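Data block below; observations after.
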């Protein structure tokens, strides 16, 4: 394979059936405060000629199967301290099956 059509970043929690889900990260939903939720910073992808590119927010898709318990948000370029960043996390709890 010479290239990928999709890449992904994220997190996952697991528990036994019927047990409340644990929190993800520190238990905060993404809020652009990088002391709170788990994060990836300075994210980039490479094009076919290996040039680094920062993904625009319109190039990304959020997949969260239990958004009442966990979520993710891509903020794009936020400056030199965190660069192109995303956060993920949440309090967990009674998330259903």
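Numbering (my numbering), first residue to last: 106 to 202.
For every residue, glycine included, the Cβ atom is placed at its ideal position computed from N, Cα and C.
Being a predicted model, the structure only gives us computed values, none of them experimental.
In the displayed model, residue 129 falls within a strand according to three-state DSSP. Beta-bridge pairing by DSSP links residue 173 to no other residue. At the C-beta level, residue 129 and residue 197 come within 8 Å of one another. In the same chain as residue 115, and ignoring 5 residues on each side of it, the C-beta atoms closer than 7 Å to its own belong to 177 and 193, in chain order. The C-beta distance from residue 148 to residue 190 rounds to 7 Å, short enough to fall under 8 Å. Cβ neighbours of residue 170 within its own chain (closer than 6 Å, five residues either side excluded): none. Within 10 angstroms of the beta-carbon of residue 179 lie 16 or more other beta-carbons, which makes it buried. In the same chain as residue 157, and ignoring 5 residues on each side of it, the C-beta atoms closer than 8 Å to its own belong to 149, 150 and 151, in chain order.
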